[in-house]
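Those protein sequence lines, which keep their order, are chains A and B. For the first sequence, this note's numbering assigns the number 859 to the initial residue and increments by one for each residue that follows. For the second sequence, this note's numbering assigns the number 859 to the initial residue and increments by one for each residue that follows. Glycine is no exception: its CB is placed at the ideal position from the N, C-alpha and C atoms. Just so we're clear, the structure is a prediction, and the values are computed from it rather than from any experiment.
Protein chains: 2
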Amino acid sequence: MNTRFTNDLRIDGDRLIRRIEELATVGPIEGGGSCRLALTDEDRAGRDLVGAWMSEIGLSVSVDAIGNVIGTRPGRINGPPIMTGSHIDTVRTGGRYDGNLGVLAGLEVVETLERHGVQTEHPVAVAFFTDEEGARFPPDMLGSLVYVGGLGLEAALDIVGIDGAIVGEELARIGYRGIAPCPGPVPHAFVELHVEQGPVLEAEGITIGAVTGVQGISWTELTITGQSNHAGTTPMNLRHDAGYVAAAIAVHLRHLALEMSDGRSDRQVATAGRLDLHPDLVNVVAGLATMTVDLRNTDEKLLRDAEAELARFVAETATAEGVTVAERTLARFEPVVFDDRVVETVAGVATELGHSVRQMPSGAGHDAQMLARVCPTGMVFVPSRDGISHNPAEYTAPADLVAGADVLLHTLLALDAADFDNETKRIVEGRNQ
Amino acid sequence: MNTRFTNDLRIDGDRLIRRIEELATVGPIEGGGSCRLALTDEDRAGRDLVGAWMSEIGLSVSVDAIGNVIGTRPGRINGPPIMTGSHIDTVRTGGRYDGNLGVLAGLEVVETLERHGVQTEHPVAVAFFTDEEGARFPPDMLGSLVYVGGLGLEAALDIVGIDGAIVGEELARIGYRGIAPCPGPVPHAFVELHVEQGPVLEAEGITIGAVTGVQGISWTELTITGQSNHAGTTPMNLRHDAGYVAAAIAVHLRHLALEMSDGRSDRQVATAGRLDLHPDLVNVVAGLATMTVDLRNTDEKLLRDAEAELARFVAETATAEGVTVAERTLARFEPVVFDDRVVETVAGVATELGHSVRQMPSGAGHDAQMLARVCPTGMVFVPSRDGISHNPAEYTAPADLVAGADVLLHTLLALDAADFDNETKRIVEGRNQ
């Protein structure tokens, strides 16, 4: 690989920021963020807007059977593309950068190449993947998972959302059940630009993160069945309070995470983000509680330790209270390690462009971790103010947005010139699981 | 007062049970219970049914300005009535006996008097009061509270429910914003028959409870504001997790209640029955949590101790997590002591009818505790299987339902003959607070 990566090409920062702002007005929520839960009308409106931009800048746009949208610019050879992209679906309280930045920066890369008449060796593809957030349909990163063959298309189309909707029906309803096949073509390489969504870069005053991998993720839904009863007449020792058990689990998660983080080098996080009681009334002991547990660790063994400790506590507490607990796995991904060569290319490009850079793992899941199953993959992070994300207050300074997009541009160009060992481009089918 | 209370009069048990079953089909829910939240369409349908029964048996029916419905049978004198009754609204997961038994047994009392041509000294009135449960509009026992002048009519009509509906508008919508004035006439005495909703009578094999008073009730809504953030990238020690604080409070309530119950003679109960997170998603640290706390004790001082301990823990935990907590009192009633003479009349009647009886406090709030502010008042309890209530599985054996109604009949007749000291019939206006 060439050690001199960059030339004078730069993306158009004003246009990038203008598009980020325009996309944020689709599914607007108080505080300047967006709500575009996957496959809702708001998601459709966002897809229509970004798809129109893709067409305007001359990309040939295809939609695959799980709704992933890919815009491609031809290369000198008609082979596997250099791919970039991310997602435009959001959580219910989404910010304006999460996912959107990576997609819209991909458009900037293409427009910059176009404007300067740069011919790449490989085609350049910009994708936005379906349901990265998993906030409506578990698991998260659904579209990229299906793209790489990690989940069969039929199984994915049958997934039922938290509102009872079905993926296949919703895709058809919003007009994004496309005809391009899943799994999709294996890229030459994949690089995703994303906001960090954590506090590390800002705290250290660094502009670019060269992401080394992604934490493993374990999502479990617990349905706790006790007995609803009168809050005034039922002695404490005769209760089968599903709400109490849910609360005890949520409190234990905090203790578990703090203990595992203090005593060991790897950081463990644990979150009970969803907790619903039934009948959810002031004077009734809850007979039913559903809650979710989100565990993450960069070390697979430690993540399993956390899962085991959770299971032990749930069993013990359920027995003591006389309730039953049903568990359902919503998502389970092992930690991912990105391709050293891509990580080093990102770091080298950033340095050459004059930006401070550090290597770091990602705390959040990203589509890149799915693509890493089939091709050399990496990510570029830019700082998030106060580490805030999944919140309308999510913010990245304009200069950092532009820096990230320029690093993306030159990383893709460097990878275009790289002659990766064919061994690394494993075929999708071989990785099905 | 006469020490020989009873004669051969008995209510019609089959008809009582038939009416209970018919009323349970209004707003039916799975498991044989009912959902008639106050002032909903289902509540209206229940009101229409019971009101029609009142008219059929010859009662003159009036509706007051807060929607309380009172059917009256004339007495020999046109003075204050002997009153009985309860409520027909339910919680979301209501059983078929809670409230309904007291109202429908009141109808039996009137029909039995009618069938045997018994002329009472005082009029006999059967009431069902609005929104006893408080499950939609706080506080609970709203209709009887307004009836005795404990809350002004205008303030009551302005109350906003958990669904944003307004009492006055909903009363008008369902056609139960009546013209009889509030506060209403002070009864000669008030007796309410109710299922125990707790396990004591069944556990001791006793048929009738002569209720000595009602636990004090303290309901608080806590709104916890933290910061919603990404569950994967936000280190545990940088979180402002409203959901964690809510869970910690719910767990602490359990400890508080167990500790206060073990160490002291009075029983303390504590419940977090409602707990809602926002955005309530698996991968987002909750930025907002609302929850309710229900504290009850028969001793006012101990109840205040529990409130103080809750406040201390909430403040401590909020500070440690960096969240703010807003508190709102939904209901606060001091413990109530019923009139000795009524309690003893209930116990004497039960014994004379051949039933086992014990004196006991009520763990639940009841309309009777409001009437106790203005006239001699008591209650009759019958057993609840497994102590279950606010649940479709709520059950009282038919023989116990009939026994309770017969005790109610003869208690009312005994009180009709009693010459209560006028001092005890305090005028409503003097008790306004």
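Check whether the Cβ of A1108 of chain B lies closer than 6 Å to any heavy atom of the ligand SAH, and answer yes or no. The ligand SAH is not part of the structure shown, which contains no ligands of any sort.
Between the region 860-879 of chain A and chain B, which residues of the former have a C-beta closer than 7 Å to a C-beta of the latter? If you check each beta-carbon in the region 860-879 of chain A against every beta-carbon of chain B, none falls closer than 7 Å.
Residue nearest to G1056 of chain B in terms of C-alpha spacing, selected from B:G1262, B:D956, B:Y1005, B:V1204: Sequence index remark: in the second sequence, residue 1056 of chain B carries index 198 (1-based). Nearest option by C-alpha distance: B:D956.
List the residues of chain B that W911 of chain A touches, going by C-beta distances under 8 Å, in chain order. If you number the first sequence from 1, residue 911 of chain A lands on position 53. At a beta-carbon threshold of 8 Å, none of the residues of chain B lie near W911 of chain A; the nearest stands roughly 27 Å away.
Who are the neighbours of H945 of chain B on chain A, taking C-beta pairs under 9 Å? Here the question's residue 945 of chain B lines up with position 87 in the second sequence. For H945 of chain B, there are no C-beta contacts with chain A under 9 Å, since the nearest C-beta of that chain is about 13 Å from it.
Short of 8 Å Cβ to Cβ, which residues in the region 1042-1056 of chain B face chain A? E1054, Q1055, G1056: these are the residues of the region 1042-1056 of chain B whose beta carbon lies less than 8 Å from some beta carbon of chain A, given in chain order.
Output yes if chain A places a C-beta closer than 7 Å to the C-beta of I1246 of chain B; else output no. Locating residue 1246 of chain B in the second sequence gives position 388, where the first residue counts as 1. Contact of I1246 of chain B with chain A is assigned, a C-beta pair being separated by under 7 Å.
Any idea if L1271 of chain B is buried or exposed, counting beta-carbon neighbours within 10 angstroms, 16 or more meaning buried? Within the second sequence, the letter at position 413 stands for residue 1271 of chain B. So L1271 of chain B counts as buried.
Under DSSP, the alpha helix (DSSP H) around I940 of chain B begins and ends at which residues? What you label residue 940 of chain B is simply residue 82 of the second sequence in a count that begins at 1. Run containing I940 of chain B: none in the alpha helix (DSSP H); it sits in the beta strand (DSSP E), 940-944.
Is M999 of chain B close to chain A, meaning its C-beta is less than 7 Å from at least one C-beta of that chain? Here residue 999 of chain B is taken as the residue at index 141 of the second sequence, counted from 1. No, M999 of chain B does not count as interfacial toward chain A.
Tell me the rounded alpha-carbon separation between H1224 of chain A and A1169 of chain B. Taking the first residue of the first sequence as position 1, residue 1224 of chain A is located at position 366. Taking the first residue of the second sequence as position 1, residue 1169 of chain B is located at position 311. If I take the Cα positions, the gap works out to 42 Å.
Which runs of the beta strand (DSSP E) fall wholly inside the region 945-992 of chain A and span at least 3 residues, in chain order? If we require 3 residues or more, the beta strand (DSSP E) runs fully inside the region 945-992 of chain A come out as 982-986.
What does N1087 of chain A reach in chain B if we use C-beta pairs closer than 8 Å? Here residue 1087 of chain A is taken as the residue at index 229 of the first sequence, counted from 1. Those within 8 Å of N1087 of chain A in chain B are G1245, I1246, S1247, H1248, N1249.
Per DSSP, what are the beta-bridge partners of N926 of chain A in this structure? In the first sequence, counting from the first residue as 1, residue 926 of chain A sits at position 68. According to DSSP, which records beta bridges pairwise, N926 of chain A is partnered with nothing at all.
May I have the straight-line CA-CA distance separating V1004 of chain A from G1245 of chain B, to the nearest angstrom? To locate residue 1004 of chain A, count along the first sequence from 1; it is residue 146. To locate residue 1245 of chain B, count along the second sequence from 1; it is residue 387. Going by the C-alpha atoms only, they are around 51 Å apart.
Listed in chain order, which residues of the region 1125-1139 of chain B have Cβ atoms closer than 9 Å to some Cβ of chain A? Considering only beta carbons, the part of the region 1125-1139 of chain B lying closer than 9 Å to chain A consists of R1125, Q1126, V1127, A1128, T1129, A1130, G1131, R1132, L1133, D1134, L1135, H1136, P1137, D1138, L1139, in chain order.
Could you tell me the distance, in whole angstroms, from the CA atom of L1029 of chain A to the CA atom of A1030 of chain B? Residue numbering aside, residue 1029 of chain A sits at position 171 when the first sequence is read from its first letter. Residue numbering aside, residue 1030 of chain B sits at position 172 when the second sequence is read from its first letter. One Cα belongs to L1029 of chain A, the other to A1030 of chain B, and the distance between them is close to 44 Å.
Quick check on the DSSP output: the alpha helix (DSSP H) that includes A1257 of chain A runs from which residue to which? The residue given as residue 1257 of chain A occupies position 399 in the first sequence. Where A1257 of chain A is concerned, the enclosing alpha helix (DSSP H) stretches over 1256-1275.
Counting only the same chain and skipping the five closest in sequence on each side, list residues whose C-beta sits under 7 Å from that of A1208 of chain A. For the purposes of this step, residue 1208 of chain A is identified with residue 350 of the first sequence, where counting begins at 1. Closer than 7 Å at Cβ, skipping near neighbours: I1066, A1068, V1215, V1265.
Between N1155 of chain B and chain A, is the shortest Cβ-Cβ distance under 7 Å, so that the two count as touching? As a position in the second sequence, residue 1155 of chain B is number 297, starting the count at 1. Under the Cβ criterion of 7 Å, N1155 of chain B is not counted among the residues facing chain A.
Looking at the structure shown, is M1218 of chain B part of a helix, part of a strand, or coil, going by DSSP? Taking the first residue of the second sequence as position 1, residue 1218 of chain B is located at position 360. M1218 of chain B: strand per DSSP, three-state reduction.
For a contact defined as C-beta to C-beta under 9 Å, what are the partners of Y1253 of chain A on chain B? Locating residue 1253 of chain A in the first sequence gives position 395, counting from the first residue. By Cβ distance, chain B contributes nothing, its closest Cβ being about 13 Å from Y1253 of chain A, past 9 Å.
Residue nearest to V1151 of chain B in terms of C-alpha spacing, selected from B:D1134, B:E1252, B:D1198: The residue labelled residue 1151 of chain B in the question sits at position 293 within the second sequence. Checked all of B:D1134, B:E1252, B:D1198; the closest Cα to V1151 of chain B is B:D1134.
Under the three-state reduction of DSSP, which class applies to F1191 of chain B: helix, strand or coil? The residue labelled residue 1191 of chain B in the question sits at position 333 within the second sequence. Three-state result, F1191 of chain B: strand.
Check E1185 of chain B in the structure and name its three-state DSSP category. Along the second sequence, one-based indexing puts residue 1185 of chain B at 327. In the structure shown, E1185 of chain B falls within a strand segment according to DSSP collapsed to helix, strand and coil.
Residues bridged to L1080 of chain A [DSSP beta-bridge criterion]: Walking along the first sequence from the start, residue 1080 of chain A turns up at place 222. Looking at the DSSP assignment, L1080 of chain A forms a beta bridge with A:M1149, A:E1185.
Which residue from A:P939, A:E966, A:H1052, A:I887 puts its Cα closest to that of R876 of chain A? For the purposes of this step, residue 876 of chain A is taken as residue 18 along the first sequence, with counting starting at 1. For the residues A:P939, A:E966, A:H1052, A:I887, the minimum Cα distance to R876 of chain A belongs to A:E966.
If you run the structure through DSSP and keep just helix, strand and coil, what is G1236 of chain B? Sequence index remark: in the second sequence, residue 1236 of chain B carries index 378 (1-based). Taken through DSSP and simplified to helix, strand or coil, G1236 of chain B comes out as strand.
Residue interval of the alpha helix (DSSP H) (run including V919 of chain B): The residue labelled residue 919 of chain B in the question sits at position 61 within the second sequence. Careful: V919 of chain B lies outside any alpha helix (DSSP H), inside the beta strand (DSSP E) at 918-921.
N-terminal and C-terminal residue of the beta strand (DSSP E) that V1004 of chain A is part of: Taking the first sequence and counting its residues from 1, one reaches residue 1004 of chain A at position 146. In the DSSP assignment, V1004 of chain A falls outside any beta strand (DSSP E) and within the unbroken alpha helix (DSSP H) covering 1000-1005.
Q1073 of chain B touches chain A at which residues, Cβ-Cβ below 8 Å? Counting from 1 along the second sequence, the entry for residue 1073 of chain B is found at position 215. Contact of Q1073 of chain B with chain A by beta-carbon distance below 8 Å involves G1090.
Looking at chain B, is there any beta carbon in it that lies within less than 7 Å of the beta carbon of D1021 of chain A? If you number the first sequence from 1, residue 1021 of chain A lands on position 163. In terms of beta-carbon proximity, D1021 of chain A stays away from the interface with chain B, with every pair separated by 7 Å or more.
Strictly under 7 Å for the Cβ-Cβ distance: is S1123 of chain B near chain A by that measure? Counting from 1 along the second sequence, the entry for residue 1123 of chain B is found at position 265. Summary for S1123 of chain B: the model assigns pLDDT 43, below 50, so the residue's position carries little reliability; its value from the coordinates is reported in the next sentence. Using a Cβ-Cβ cut-off of 7 Å, S1123 of chain B does not count as an interface residue toward chain A, since no Cβ of chain A sits closer than that to its own.
Proximal residues, the region 894-928 of chain A versus chain B, C-beta separation under 8 Å: Of all residues in the region 894-928 of chain A, none places a beta-carbon less than 8 Å from a beta-carbon of chain B.
How about G1071 of chain A and V1194 of chain A: do their beta carbons lie closer than 7 Å? Against the first sequence, residue 1071 of chain A aligns to sequence position 213. Against the first sequence, residue 1194 of chain A aligns to sequence position 336. A contact, by the Cβ cut-off of 7 Å.
Mind listing, in chain order, the continuous beta strand (DSSP E) runs of no fewer than 3 residues lying wholly within the region 1057-1110 of chain B? With a minimum length of 3 residues, the continuous beta strand (DSSP E) runs that stay inside the region 1057-1110 of chain B are 1066-1072, 1074-1083.
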